[in-house]
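1 is the number of the first residue of the sequence shown in full-length UniProt numbering; add one for each residue after it.
Built from N, CA and C at the ideal position, the CB exists for glycine as well.
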Amino acid sequence: MAEIINKITNRDNEMPSGWKAQVIGLYKRLDTLMSAILITLISLMSVLIVYQVFTRYVLGSASGTSQELLIYSMIWLAFLGSAVCFGKGSHLSLPLVYDMLTPKKQNVITTLNATLVCLLAVIMIVGGLGAVEKNASFLTPMMQVSMSVLQSILWLAGGLMIIQQVGRVIELIGFNKTLAMSFATSSAILLVIAVVYTFFQSTEYYEYLVDEHIEITSTIVLFTVFFALLAISLPIAVGLAYSGLIALSLQLDFEMLIMTSSEKLFSGLESFGFLALPFFILAGNLMNQGGIARRLIELALLIGRKIPGSLWHSNVIVNMLFGCLSGSGIAAATAIGGVMTPMAKEKGYDMSVTTAINAASAPTGMLIPPTGVFIIYSMITGGSASIAAMFLAGYIPGLMMGLSVVVAAYFYAKRLGYKTDTESKSLKSILDVVWKTVPSLTMIVVIIGGILTGVFTAIEAGGIAVLYSLVLSLCYRTLTWSSLAKTLRDSALMSAVILFLISCSGLMSWSMTFASIPDTIGELLVTVSDNKIVLLLLMNVTLLLVGIFMDMAPALLIFTPIFYPVAMSLGVDPVQFGVIIVYNLCMGLITPPVGTVLFVSCSVTGQKITSIVKPLLPIFLLQFIGLMLITYFPIFTMGLPNLFGVN
């Protein structure tokens, strides 16, 4: 919001002073109001989830009212926060083509995307108002609140999306003739597409495709639209929504489509399980704020100091520890890489190899619980793979992924002649390092132990993680009121981006189910081969390629519903298949040219991606071997869940 205000302020000759003052005043008040609302919502949710654990464990019965309030608070957080993120440009997108265009064409794409976002917002407003009127007499079971009140968030968020998106366009282009020309061009493009599509709908060939081959037609339309929208850098969430809407338009009339789609956006988040996401994100951010990175690095240096290339091994160890606490490969690559890079340069380590090792080990924490990725997968599969089972199943594959980097680092160190750390450590200094990290690492024991012993559920574990992280940060004295407010706001926005992505993917999933697209794709795969080994290899290769171009969350939301039925027909356990998908996509995060973790690691060390490819290839090969092991030998994923009797 601040960038928008500054951009507008600096354009004295492009906007009348009266308008400028009004716009600046609007955005300042809106920014303050939205920050307060988001902080209040996520704070309220954190208190309620801890209260939920208290009532269930101490009083013997969980509060139904607090559970209902939690769900609808999360939905409001998702829609309001995502609307704010449209103004900040925080939604996930794929700017490959956009970056290659000239500034003039980029302006057209920017206004085209903004127009599409605003059109989706209009759909939300119209459908939301219709839902409010339709469901006014329906009350929630526990709170006895009218659904019309709760669903009003659809039209409220739609209006806020338009305001924020307009501000974003002004920030990027300015309030000038360029904006007017770009808007006219993008509007003309959309008008031509609409006219052509309307004409095509009136042809006999269209009727033939819809009446006789609806499944394959819907499949082609859905993915063509989605990848076309990705190519113009439209936010992935919006692309998911539009691809679902256009595929559904083949079978539903316009009025029904608008009404139903808005309600689907709302109901797509009406699940208690999704609550774990904002809580684990907030817990990870609190831990980051708590200064645990330096403490974990000291422990890792202590553990890996007697192995050649000790700094590299320490990097792997601390990325595994920090990644599972923060739940983010990017956070691990940034926080740990930022500290390890100066140390590596000082000791004369090869920086290309150092970057490759940091990048390849950063995603390991996304396999080692507690991790939000497994929660998303569990919810997509309707709980067929329980969160507790997914958490246990991720340990060994996560360690395997980390071990592959350790093996490569060892051979690189031996080849380059790096020696071990010969400096002696006193028992007191060793105990001091261990003691400093015990509180941070204890969170993992508390969370997993609490889930396995039934003290709290996997969702409630997120609330306990928040409480634990907050207490730990206060004990470390690294948290101030201003930093706490910023952490709460940032966590709310991060959560909103993912939750809105899930909400929009619900439209796509609904359209896929409506048109039997998963069954169609499954039949196409079986025509290639009916051999289980071949089909699993084909899915792995596809997911590896997808992971190169797409971030973890959207890839998981799009391809799980497609491949999951096929995997189940092959007799693969839902838990094992979840780990296979996540392992694949973790590898995609470090794969050129788009791997986000690889890109971040290179920016931290200042190395070019081209210089990282060569040292990364052996690590990638070892990790691929690990992928084949967990794909074809279930013991690596199902061993721990079976041992603890969790499924």
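Among the options, the one whose alpha carbon lies nearest that of residue i
i: residue 419; options: 425, 427, 426 and 410; result: 410
i: residue 607; options: 223, 224 and 358; result: 358
i: residue 476; options: 457, 443 and 439; result: 439
i: residue 626; options: 192, 587 and 209; result: 587
i: residue 397; options: 379, 366, 425 and 376; result: 366
i: residue 82; options: 296, 305, 34 and 201; result: 34
i: residue 376; options: 575, 637 and 159; result: 575
i: residue 400; options: 637, 106 and 89; result: 637
i: residue 425; options: 569, 305, 159 and 201; result: 305
i: residue 180; options: 104, 280, 146 and 94; result: 104
i: residue 41; options: 215, 30 and 72; result: 72
i: residue 133; options: 259, 569 and 514; result: 259
i: residue 481; options: 39, 28 and 378; result: 39
i: residue 405; options: 317, 599 and 434; result: 317
CB contact flag (residue i, residue j, <8 Å)
i: residue 578; j: residue 548; result: no
i: residue 408; j: residue 634; result: no
i: residue 581; j: residue 556; result: yes
i: residue 172; j: residue 110; result: yes
i: residue 412; j: residue 615; result: yes
i: residue 121; j: residue 170; result: no
i: residue 473; j: residue 289; result: yes
i: residue 613; j: residue 333; result: no
i: residue 113; j: residue 234; result: yes
i: residue 245; j: residue 646; result: no
i: residue 280; j: residue 462; result: yes
i: residue 629; j: residue 395; result: no
i: residue 499; j: residue 74; result: yes
i: residue 89; j: residue 168; result: yes
i: residue 364; j: residue 402; result: yes
i: residue 601; j: residue 344; result: no
i: residue 372; j: residue 276; result: yes
i: residue 515; j: residue 207; result: no
i: residue 455; j: residue 57; result: yes
i: residue 307; j: residue 319; result: no
i: residue 182; j: residue 135; result: no
i: residue 50; j: residue 484; result: no
i: residue 512; j: residue 222; result: yes
Per-residue burial, residue i [other beta carbons within 10 Å of its own, 16 or more giving buried]
i: residue 554; result: buried
i: residue 533; result: exposed
i: residue 644; result: exposed
i: residue 415; result: exposed
i: residue 13; result: A caution first: residue 13 carries a pLDDT of 43, below 50, which makes its placement in the model unreliable, though a value can still be read off. Its Cβ having fewer than 16 others within 10 Å, residue 13 is exposed.
i: residue 255; result: exposed
i: residue 262; result: buried
i: residue 295; result: buried
i: residue 329; result: buried
i: residue 213; result: exposed
i: residue 631; result: buried
i: residue 312; result: buried
i: residue 465; result: buried
i: residue 355; result: buried
i: residue 567; result: buried
i: residue 138; result: exposed
i: residue 497; result: buried
i: residue 590; result: buried
i: residue 583; result: buried
i: residue 378; result: buried
Beta-carbon separation (whole angstroms), residue i vs residue j, contact threshold 8 Å
i: residue 47; j: residue 460; result: Contact doesn't hold; Cβ gap of about 13 Å is too wide.
i: residue 86; j: residue 117; result: 6 Å
i: residue 236; j: residue 92; result: 5 Å
i: residue 340; j: residue 315; result: 5 Å
i: residue 562; j: residue 518; result: 5 Å
i: residue 67; j: residue 272; result: 6 Å
i: residue 538; j: residue 526; result: With a Cβ gap of about 11 Å, residue 538 and residue 526 do not count as contacting.
i: residue 210; j: residue 250; result: 5 Å
heavy atom of the ligand GTP below 7 Å from residue i C-beta
i: residue 50; result: Inclusion of the ligand GTP in the displayed structure is not the case, the ligand content being empty and no account of it being possible.
Q. For the 8 Å Cβ check, are there 3 or more pairs between the stretch 149–156 and the stretch 182–190?
A. no
Q. Using 8 Å as the Cβ pair cut-off and three pairs as the minimum, do the stretch 224–235 and the stretch 539–546 touch?
A. no
(Q) Three or more C-beta pairs under 8 Å: does that hold for the stretch 112–129 against the stretch 137–147? (A) no
Q. Is it true that the stretch 490–506 meets the stretch 231–245, where meeting means three or more beta-carbon pairs spaced less than 8 Å apart?
A. yes
Q. Counting Cβ pairs, one atom from each stretch, are 3 or more of them under 8 Å apart for the stretch 297–315 and the stretch 383–397?
A. no
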